[in-house]
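This report concerns only the one structure given below.
Numbering (the UniProt record's numbering), first residue to last: 1 to 167.
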(Lines of atoms letter the chains of each structure in order from A; the text may use other names.)
(Lines give C-alpha, C1' and ligand atoms only; values in the text may rest on other atoms or scores of the structure.)
Protein backbone atom coordinates (compact mmCIF):
# COMPACT_ATOMS: atom_id res chain seq x y z
CA UNK A 1 0.00 0.00 0.00
CA UNK A 2 1.24 3.51 -0.79
CA UNK A 3 2.03 5.97 1.99
CA UNK A 4 -0.32 8.79 0.92
CA UNK A 5 -0.80 10.17 4.45
CA UNK A 6 2.85 11.04 5.06
CA UNK A 7 3.23 12.99 1.80
CA UNK A 8 2.47 16.67 1.31
CA UNK A 9 -0.19 17.59 -1.26
CA UNK A 10 0.75 18.85 -4.71
CA UNK A 11 1.89 22.47 -4.44
CA UNK A 12 2.71 25.08 -7.09
CA UNK A 13 6.41 25.41 -7.86
CA UNK A 14 8.24 28.71 -7.69
CA UNK A 15 9.85 28.24 -11.12
CA UNK A 16 7.88 29.19 -14.25
CA UNK A 17 4.46 28.65 -12.63
CA UNK A 18 4.60 24.83 -13.06
CA UNK A 19 3.25 22.42 -10.48
CA UNK A 20 5.64 19.91 -8.98
CA UNK A 21 4.31 16.40 -8.40
CA UNK A 22 5.42 13.43 -6.32
CA UNK A 23 5.93 10.16 -8.17
CA UNK A 24 5.31 7.10 -5.99
CA UNK A 25 7.37 4.71 -8.08
CA UNK A 26 10.46 6.91 -8.38
CA UNK A 27 9.88 8.43 -4.92
CA UNK A 28 11.11 11.85 -6.08
CA UNK A 29 9.44 15.21 -6.39
CA UNK A 30 9.72 16.06 -10.05
CA UNK A 31 8.89 18.67 -12.69
CA UNK A 32 9.93 16.75 -15.83
CA UNK A 33 8.52 13.38 -16.96
CA UNK A 34 10.08 10.54 -14.98
CA UNK A 35 10.87 6.93 -15.86
CA UNK A 36 7.43 5.70 -14.79
CA UNK A 37 5.67 8.24 -16.98
CA UNK A 38 7.79 7.30 -19.99
CA UNK A 39 7.35 3.53 -19.55
CA UNK A 40 3.73 3.42 -18.37
CA UNK A 41 2.54 6.39 -20.38
CA UNK A 42 0.71 7.85 -17.39
CA UNK A 43 1.40 9.97 -14.35
CA UNK A 44 1.51 8.26 -10.98
CA UNK A 45 0.70 11.00 -8.48
CA UNK A 46 -1.06 11.40 -5.13
CA UNK A 47 -4.50 10.66 -6.58
CA UNK A 48 -3.58 7.19 -7.87
CA UNK A 49 -2.71 4.12 -5.84
CA UNK A 50 -0.29 1.41 -6.89
CA UNK A 51 0.78 -1.88 -5.45
CA UNK A 52 4.08 -0.32 -4.35
CA UNK A 53 7.40 0.58 -5.91
CA UNK A 54 8.93 -2.86 -5.34
CA UNK A 55 6.41 -4.61 -7.60
CA UNK A 56 7.04 -2.24 -10.50
CA UNK A 57 10.82 -2.03 -10.18
CA UNK A 58 11.12 -5.84 -10.16
CA UNK A 59 9.99 -5.77 -13.78
CA UNK A 60 12.81 -3.38 -14.74
CA UNK A 61 15.63 -5.90 -14.14
CA UNK A 62 17.97 -5.89 -17.13
CA UNK A 63 19.41 -8.75 -19.09
CA UNK A 64 23.09 -9.13 -18.21
CA UNK A 65 25.71 -9.95 -20.84
CA UNK A 66 29.25 -10.51 -19.50
CA UNK A 67 32.35 -10.94 -21.74
CA UNK A 68 34.21 -14.28 -21.66
CA UNK A 69 37.45 -12.64 -20.50
CA UNK A 70 37.92 -9.75 -18.10
CA UNK A 71 40.96 -7.89 -16.78
CA UNK A 72 40.87 -7.97 -12.98
CA UNK A 73 43.18 -8.03 -9.95
CA UNK A 74 44.64 -11.46 -9.14
CA UNK A 75 45.34 -11.95 -5.39
CA UNK A 76 47.27 -15.21 -6.02
CA UNK A 77 50.81 -15.54 -4.63
CA UNK A 78 52.34 -15.69 -8.11
CA UNK A 79 50.62 -12.62 -9.62
CA UNK A 80 49.40 -9.92 -7.17
CA UNK A 81 48.58 -7.65 -10.14
CA UNK A 82 45.87 -7.01 -12.74
CA UNK A 83 45.79 -9.87 -15.25
CA UNK A 84 43.37 -11.35 -17.77
CA UNK A 85 40.77 -13.69 -16.20
CA UNK A 86 38.49 -16.28 -17.78
CA UNK A 87 34.87 -15.69 -16.68
CA UNK A 88 32.46 -18.54 -15.90
CA UNK A 89 29.32 -18.76 -13.78
CA UNK A 90 29.61 -20.32 -10.31
CA UNK A 91 27.69 -23.57 -9.94
CA UNK A 92 26.94 -25.43 -6.71
CA UNK A 93 28.79 -28.72 -6.37
CA UNK A 94 27.18 -32.11 -5.77
CA UNK A 95 26.16 -32.84 -2.16
CA UNK A 96 28.34 -35.37 -0.34
CA UNK A 97 26.51 -38.51 0.75
CA UNK A 98 28.68 -39.04 3.84
CA UNK A 99 28.56 -35.56 5.38
CA UNK A 100 27.43 -35.70 9.04
CA UNK A 101 24.15 -33.86 8.42
CA UNK A 102 23.23 -36.10 5.47
CA UNK A 103 24.00 -39.27 7.47
CA UNK A 104 21.89 -38.00 10.37
CA UNK A 105 19.00 -37.03 8.06
CA UNK A 106 19.03 -40.38 6.23
CA UNK A 107 19.08 -42.28 9.53
CA UNK A 108 16.10 -40.26 10.81
CA UNK A 109 14.16 -40.72 7.55
CA UNK A 110 14.62 -44.49 7.43
CA UNK A 111 11.83 -46.79 8.57
CA UNK A 112 8.18 -45.87 9.12
CA UNK A 113 6.93 -42.41 9.96
CA UNK A 114 7.06 -40.33 6.79
CA UNK A 115 8.81 -36.97 6.48
CA UNK A 116 10.60 -36.11 9.74
CA UNK A 117 12.04 -32.65 9.02
CA UNK A 118 10.15 -29.57 7.75
CA UNK A 119 10.20 -28.97 3.98
CA UNK A 120 10.53 -25.28 3.03
CA UNK A 121 7.73 -23.99 0.73
CA UNK A 122 7.59 -20.19 1.29
CA UNK A 123 9.95 -19.15 -1.50
CA UNK A 124 9.94 -15.36 -1.88
CA UNK A 125 12.58 -14.54 -4.48
CA UNK A 126 12.11 -15.06 -8.22
CA UNK A 127 15.80 -14.61 -9.11
CA UNK A 128 19.16 -15.58 -7.68
CA UNK A 129 22.24 -13.42 -7.27
CA UNK A 130 24.74 -14.23 -10.00
CA UNK A 131 28.27 -15.17 -8.90
CA UNK A 132 31.08 -14.89 -11.46
CA UNK A 133 34.00 -17.31 -11.17
CA UNK A 134 37.18 -15.54 -12.34
CA UNK A 135 40.16 -17.77 -13.16
CA UNK A 136 43.52 -16.07 -13.69
CA UNK A 137 45.06 -17.12 -17.00
CA UNK A 138 48.57 -16.70 -15.56
CA UNK A 139 48.53 -18.64 -12.27
CA UNK A 140 45.08 -20.35 -12.49
CA UNK A 141 44.00 -18.76 -9.16
CA UNK A 142 40.18 -18.63 -8.85
CA UNK A 143 38.23 -15.78 -7.23
CA UNK A 144 34.48 -15.26 -7.00
CA UNK A 145 32.74 -11.98 -7.81
CA UNK A 146 29.02 -11.67 -6.94
CA UNK A 147 26.91 -9.31 -9.06
CA UNK A 148 23.28 -8.15 -8.77
CA UNK A 149 20.12 -10.14 -9.37
CA UNK A 150 18.90 -10.55 -12.93
CA UNK A 151 16.27 -12.53 -14.82
CA UNK A 152 18.49 -13.39 -17.79
CA UNK A 153 22.27 -13.92 -17.62
CA UNK A 154 24.59 -14.57 -20.56
CA UNK A 155 28.36 -14.99 -20.96
CA UNK A 156 29.97 -13.90 -24.22
CA UNK A 157 26.75 -12.98 -26.02
CA UNK A 158 26.44 -10.56 -28.92
CA UNK A 159 27.22 -6.96 -27.98
CA UNK A 160 24.50 -4.39 -28.44
CA UNK A 161 25.24 -2.13 -31.41
CA UNK A 162 25.18 1.65 -31.43
CA UNK A 163 21.94 2.04 -33.37
CA UNK A 164 19.80 -0.47 -31.45
CA UNK A 165 17.02 0.70 -29.17
CA UNK A 166 16.50 -0.07 -25.49
CA UNK A 167 13.06 -1.68 -25.91
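All residues carry an ideal CB built from backbone N, CA and C; glycine is no exception. Computed from a prediction, not measured in an experiment: that's the story for all the values here.
Subject >> Identity of the residues DSSP links to residue 146 by a beta bridge >> reply: 131
Subject >> Distance between beta carbons of residue 152 and residue 63, contact taken as under 8 Å >> reply: 4 Å
Original post:
So, is residue 84 buried or exposed, given that buried needs 16 or more other C-beta atoms within 10 angstroms?
Top reply: exposed
Original post:
residue 67 and residue 87 look like a contact to me (Cβ under 8 Å); what is the Cβ gap, rounded to whole Å?
Top reply: 7 Å
Original post:
Taking the beta strand (DSSP E) that residue 70 falls in, what are its first and last residues?
Top reply: 69-74
Original post:
Would residue 79 pass as a contact of residue 150 if the rule is Cβ separation under 7 Å?
Top reply: no
Original post:
When you compare only the Cα positions, how much space is there between residue 133 and residue 100?
Top reply: 28 Å
**OP:** Spatial neighbours of residue 126 within its chain, please: CB distance less than 7 Å, with the 5 preceding and 5 following residues excluded, ordered by chain position.
**Re:** none
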